[in-house]
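Presented below is the structure to which this report refers.
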Amino acid sequence: MCGIVGYIGHRQAAGVLLEGLSKLEYRGYDSAGICVHTPQALAVSRSKGRLQTLREKCDSGADLPGTLGIGHTRWATHGAPSDCNAHPHRTRDGKIALVHNGIIENYLELKEELLSRGHRFTSETDTEVAACLLGENYAKTGDMLCAIVATTARLTGSYALGILCLDQPDRMYAVRKDSPLILGWGDNECLIASDAPAILGYTRRVIYPADGDIAILTDQSIQIFNALGNPVLRPTEEVQWSVADAELGDYPHFMLKEIMEQPRVLTDTAAAPLTGNSDCANSLLLDPEQIRNLRRIYIAACGSAYHVGFLGKYILEKYCRIPTESIQASEFRYAAPILDQNTLVILISQSGETADTLAALREAKAQGAHTLAIVNVMGSAIAKAADEVIYTCAGPEIAVATTKAYSAQLAVMYRLALRFARLLETQSQEDIRQAEDALLDLPRQIGQVLLPEGIGQMRTLADRFHACEDIFFIGRNVDAVTCLEGSLKLKELSYIHAEAYPAGELKHGPISLIEEGVPVIALATVRELFHKTMANVKEVKARGATVICLTTEEFAEEARRTADVVVEVPKVHPLLQPSVNIVPLQLFSYFTALNRGCDVDKPRNLAKSVTVE
Ligand code: AGP
898 MCGIVGYIGH RQAAGVLLEG LSKLEYRGYD SAGICVHTPQ ALAVSRSKGR LQTLREKCDS
958 GADLPGTLGI GHTRWATHGA PSDCNAHPHR TRDGKIALVH NGIIENYLEL KEELLSRGHR
1018 FTSETDTEVA ACLLGENYAK TGDMLCAIVA TTARLTGSYA LGILCLDQPD RMYAVRKDSP
1078 LILGWGDNEC LIASDAPAIL GYTRRVIYPA DGDIAILTDQ SIQIFNALGN PVLRPTEEVQ
1138 WSVADAELGD YPHFMLKEIM EQPRVLTDTA AAPLTGNSDC ANSLLLDPEQ IRNLRRIYIA
1198 ACGSAYHVGF LGKYILEKYC RIPTESIQAS EFRYAAPILD QNTLVILISQ SGETADTLAA
1258 LREAKAQGAH TLAIVNVMGS AIAKAADEVI YTCAGPEIAV ATTKAYSAQL AVMYRLALRF
1318 ARLLETQSQE DIRQAEDALL DLPRQIGQVL LPEGIGQMRT LADRFHACED IFFIGRNVDA
1378 VTCLEGSLKL KELSYIHAEA YPAGELKHGP ISLIEEGVPV IALATVRELF HKTMANVKEV
1438 KARGATVICL TTEEFAEEAR RTADVVVEVP KVHPLLQPSV NIVPLQLFSY FTALNRGCDV
1498 DKPRNLAKSV TVE
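Going by the numbering used here, the first residue of the sequence shown is number 898, and it counts up by one from there.
Here's what the structure looks like:
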């Protein structure tokens, strides 16, 4: 996915655009570019590589004077990262400039058509095709709104567009379909952006356009039209995040900041009422009768959010006795899921824009299931498309590797399970109360793990093992799922080949990979399975592995008799133990990546939200 930004107002646009792009660089960082409406032309500066390269190339925007502009930071989909594939793209007559986030699925067909009419292209991108088609329609109609309506009617796929027209120095255009876009109202200035952090420095009053909407923004007004060009009204909302939430502050990296924010995030998410309108959670529309009639729950998500869903399976089946299946969202709609009105499909997504998760949601709705989204970004596509949404209270998560949002999603999953258990009476009131009290105490417990000695121990382990090329994670039951998340963190941040296996599975093949000195991180915090897990630790030790055992203080002494290193974590309510266990693994991945010289906030090949399938 990519990041787009646009500005019209009383400031020099180039500076606003570059600052906005710095807040969106986590969305893609292969190349970047800006276009400013100057009296002579739509002046463009763009470059392959990080935003800093662009800043240097355009002298921090001094080369592009003007108060109207658009900008883009790219995660390459069509065409390699390069200057000519970088956005903005202009029409050959220089009259229109356009930035795009998304995928034009029928761009090759349109390109052939345009080539046959004599048009030529300078890039490999789908975006330039959209710009060319728009230019053709504008040349026909002389009216930009009509041209946009005619153009978007031909496009299939997803697009958030920012558009400038040389003939119109007093306005910019924006279009949204299946890609995130917000419109910001400032004082004598308006902005567009893919995500709130890019505009928080100017306004917190925003409009979330509906799919297909076309907006015309001047420095005084925002007009919105539907895909047919008819005027529509959309509410203005207040973004709950502050500028500081999206700033690095005194931290060296967003990832460390977001790891350290987890206690506060858990406090906010645990405190937000799951029923009744609030900033962080809306009332559940599912009524007690519907919950009693639930025959099955599916949880569909991607990556770390999928790991939350996998934990959700264990939690909902254990505490609510409802058959629950967790599945990668990219597999969901091809797995012939059994859905009906007695099925609840939970979609988990930090960004609320992940294409596979959005597609799973649409499949679930098409088959009559009730859809509930757990999302961090207000106004996102998944939040708007689901029957109901519970917002996590993680604040803007900038680092590509998720930490605080993962923890917030898990806290919502606990609360949902306890809410269902109370309604279904599958747990005693006393047990539910104890779990709820433990959830309110969880921030303090996680704070213990984040004390200097806890952080220091993980830094030391990273110093010792960062040069390894293979690291294994093993555990049982919910520990096996936390191993999946721990190994994903290590993979995506340090590029080490890390694998996670249920501890009982090793002897069925993977143990052949264990040899002298291979590090194995064993999670052994599920009380009733501790000894079985330690038996698996002995199996890998016997083959030369170096074992780091993460366990609770209750078993630490016993673990020290077998493991080479013991990482002791606070023992909390069994339901909540996965939230504590993941924090040392986040720290280990962070320090390991730093030791290996990796970019912890923007790992190679990744983007914060994958808005392509
Ligand atoms: C996690 O660290 C990754 N960044 C990735 O797996 C992420 O969780 C996944 O792409 C899902 O994103 P979402 O939560 O925004 O849908």
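We treat Cβ as the ideally placed atom computed from N, Cα and C, and that holds for glycine.
Just so we're clear, the structure is a prediction, and the values are computed from it rather than from any experiment.
Requested in this report: Could you name the residues whose beta carbon sits closer than 6 Å to any heavy atom belonging to the ligand AGP, keeping them in chain order?
Outcome: Result: 1199, 1200, 1201, 1202, 1246, 1247, 1248, 1251, 1254, 1297, 1298, 1299, 1389, 1506, 1507.
Requested in this report: Could you tell me the distance, in whole angstroms, from the CA atom of residue 898 to the CA atom of residue 1504?
Outcome: Counted from its first residue, the sequence shown places residue 898 at position 1. Counted from its first residue, the sequence shown places residue 1504 at position 607. Rounded to whole angstroms, residue 898 to residue 1504 spans 7 Å at the Cα level.
Requested in this report: Name the residue from 1409, 1146, 1157, 1141 whose alpha carbon lies nearest to the alpha carbon of residue 1342.
Outcome: Sequence index remark: in the sequence shown, residue 1342 carries index 445 (1-based). Checking every option, the nearest Cα to that of residue 1342 belongs to 1157.
Requested in this report: For residue 1242, collect the residues of the same chain with a Cβ closer than 6 Å to its Cβ; drop the 5 residues on either side in sequence, then sort them by chain order.
Outcome: Translated into the one-based positions of the sequence shown, residue 1242 becomes position 345. Cβ within range, chain order: 1195, 1261, 1266, 1268.
Query - Cβ neighbour criterion (16 or more within 10 Å) applied to residue 987 - result: As a working mapping, residue 987 is identified with position 90 in the sequence shown. Under this definition residue 987 is a buried residue.
**Report entry** Inside the stretch 1331-1394 only - beta strand (DSSP E) runs reaching at least 3 residues
**Finding:** Counting whole runs of 3 or more residues, the stretch 1331-1394 contains the beta strand (DSSP E) stretches 1367-1372.
Query raised in the report: Span of the alpha helix (DSSP H) holding residue 1276?
Result: Numbered from 1 along the sequence shown, position 379 holds the residue referred to as residue 1276. Looking at the DSSP string, residue 1276 is not in any alpha helix (DSSP H), and its letter there is neither H nor E.
**Report entry** Three-state secondary structure assigned by DSSP to residue 1178
**Finding:** Translated into the one-based positions of the sequence shown, residue 1178 becomes position 281. Reliability fails at residue 1178, whose pLDDT of 44 lies under 50, so the model's placement of it is uncertain and no value is given.
Report task. Go through its chain and collect everything with a Cβ distance to residue 933's Cβ below 6 Å, but skip five positions before and after it. Result -> Walking along the sequence shown from the start, residue 933 turns up at place 36. Its chain contains 910, 911, 940, 961, 963, 966 as the residues whose beta carbon lies nearer than 6 Å to that of residue 933, once the 5 sequence neighbours on both sides are disregarded; these appear in chain order.
Query raised in the report: When the Cβ atoms of the stretch 1445-1460 are set against those of the stretch 1424-1434, are three or more pairs found closer than 8 Å?
Result: Three or more beta-carbon pairs drawn from the stretch 1445-1460 and the stretch 1424-1434 are found closer than 8 Å, and the two stretches are therefore classed as touching.
Query raised in the report: What residues match up with residue 1514 in a beta bridge as DSSP calls it?
Result: Nothing about residue 1514 can be read from this structure; the chain reaches only from 898 to 1510.
Report task. Assign residue 1526 to buried or exposed, taking buried as 16 or more other Cβ atoms, counted over all protein chains shown, within 10 Å of its Cβ. Result -> No statement about residue 1526 is possible, as the shown extent of the chain runs from 898 to 1510 and does not include it.
Query raised in the report: In three-state DSSP terms, what is residue 944?
Result: Taking the sequence shown and counting its residues from 1, the one referred to as residue 944 is at position 47. Three-state DSSP puts residue 944 in a strand.
Requested in this report: Provide the residue(s) that pair with residue 1399 in DSSP beta bridges, ordered along the chain.
Outcome: The residue given as residue 1399 occupies position 502 in the sequence shown. In the DSSP output, where bridge partners are listed per residue, residue 1399 has 1372.
**Report entry** Closest residue to residue 1435 among 1338, 1403, 1466, 1340 (Cα-Cα distance)
**Finding:** As a first step, residue 1435 must be located in the sequence shown, where it is residue number 538. Taking only the C-alpha atoms, the option nearest residue 1435 is 1403.
Report task. Identify whether residue 1441 lies in helix, strand or coil by the three-state DSSP scheme. Result -> For the purposes of this step, residue 1441 is taken as residue 544 along the sequence shown, with counting starting at 1. Under the three-state reduction of DSSP output, residue 1441 falls in the coil class, being neither helix nor strand.
Query raised in the report: Does the Cβ of residue 1453 lie closer than 6 Å to at least one heavy atom of the ligand FMN?
Result: Only the ligand AGP can be found as ligands here, which leaves the ligand FMN out of the picture.
Requested in this report: Check residue 1159 in the structure and name its three-state DSSP category.
Outcome: Taking the first residue of the sequence shown as 1, we reach residue 1159 at position 262. In the three-state reduction of the DSSP assignment, residue 1159 falls in the helix class, which pools H, G and I.
Query raised in the report: Measuring CA to CA, which of 1138, 1307, 1286 is closest to residue 1213?
Result: The residue you call residue 1213 lines up with position 316 of the sequence shown. It is 1307.
Requested in this report: Report the three-state DSSP secondary structure of residue 1446 (helix, strand or coil).
Outcome: Locating residue 1446 in the sequence shown gives position 549, where the first residue counts as 1. The three-state reading of DSSP puts residue 1446 in strand, counting E and B together.
Requested in this report: Decide if residue 1174 is buried, meaning its Cβ has at least 16 other Cβ atoms within 10 Å, or exposed.
Outcome: Here residue 1174 corresponds to residue number 277 of the sequence shown, with the count starting at 1. Any reading at residue 1174 must be qualified, since the residue scores a pLDDT of 40, below 50, and its modelled position is unreliable; the value itself is stated next. Residue burial annotation: residue 1174 is exposed, with fewer than 16 other C-beta atoms found within 10 angstroms of its C-beta.
Query raised in the report: In the DSSP assignment, what residue or residues form a beta bridge with residue 1046?
Result: Mapped onto the sequence shown, residue 1046 falls at position 149. Paired residue(s): none; residue 1046 is not in a bridge.
Query - Contact the stretch 1194-1210 vs the stretch 1220-1228: 3+ CB pairs below 8 Å - result: The stretch 1194-1210, when compared against the stretch 1220-1228, does touch it at the 8 Å Cβ threshold.
Query raised in the report: From 929, 995, 1349, 1398, pick the residue whose C-alpha is nearest to that of residue 979; which is it?
Result: As a working mapping, residue 979 is identified with position 82 in the sequence shown. Per the Cα distances, 929.
Report task. Return helix, strand or coil for residue 1006, following the three-state DSSP convention. Result -> Position 109 of the sequence shown, counted from the start, is the residue given in the question as residue 1006. Correct three-state label for residue 1006: helix.
Query - Burial state of residue 920, where buried means 16 or more other Cβ atoms lie within 10 Å - result: Sequence index remark: in the sequence shown, residue 920 carries index 23 (1-based). Around the beta-carbon of residue 920, 16 or more other beta-carbon atoms lie within 10 Å, marking it buried.
**Report entry** Same chain, Cβ closer than 6 Å to residue 1129, neighbours up to 5 away in sequence not counted
**Finding:** Residue mapping note: residue 1129 aligns to position 232 of the sequence shown, counting from 1. Hits under 6 Å: 1121, 1123.
Report task. Taking only the alpha-carbon atoms, compute the straight-line gap between residue 1010 and residue 1000 and give it to the nearest angstrom. Result -> Along the sequence shown, read from residue 1 onward, the residue named residue 1010 stands at position 113. Along the sequence shown, read from residue 1 onward, the residue named residue 1000 stands at position 103. The alpha-carbon atoms of residue 1010 and residue 1000 are separated by roughly 18 Å.
Report task. Tell me whether residue 1214 sits in a helix, a strand or coil according to DSSP, three-state version. Result -> Residue mapping note: residue 1214 aligns to position 317 of the sequence shown, counting from 1. Residue state for residue 1214 is assigned as helix, using DSSP reduced to three classes.
**Report entry** Proximal residues to residue 1240 (C-beta, below 6 Å), its chain only, five neighbours per side dropped
**Finding:** As a working mapping, residue 1240 is identified with position 343 in the sequence shown. Once the five neighbours on either side are set aside, the close Cβ partners of residue 1240 are 1193, 1266.
Query - Span separating the alpha-carbon of residue 954 from that of residue 1313 - result: On the sequence shown, position 57 is the one that residue 954 refers to. On the sequence shown, position 416 is the one that residue 1313 refers to. Cα to Cα, the separation comes out at about 51 Å.
Query raised in the report: In its own chain, which residues sit with a C-beta less than 8 Å from the C-beta of residue 1110, not counting the 5 before and 5 after it?
Result: If you number the sequence shown from 1, residue 1110 lands on position 213. Excluding sequence positions up to five before and after residue 1110, its CB lies within less than 8 Å of the CB of 1072, 1073, 1121, 1122, 1123, 1124, 1129, 1131, all in the same chain and listed in chain order.
Requested in this report: Taking only the alpha-carbon atoms, compute the straight-line gap between residue 1273 and residue 935 and give it to the nearest angstrom.
Outcome: Taking the sequence shown and counting its residues from 1, the one referred to as residue 1273 is at position 376. Taking the sequence shown and counting its residues from 1, the one referred to as residue 935 is at position 38. If I take the Cα positions, the gap works out to 38 Å.
**Report entry** Distance, residue 1181 Cα to residue 1309 Cα
**Finding:** Sequence index remark: in the sequence shown, residue 1309 carries index 412 (1-based). Sequence index remark: in the sequence shown, residue 1181 carries index 284 (1-based). Each residue's CA atom was taken as its position, placing residue 1309 and residue 1181 some 12 Å apart.
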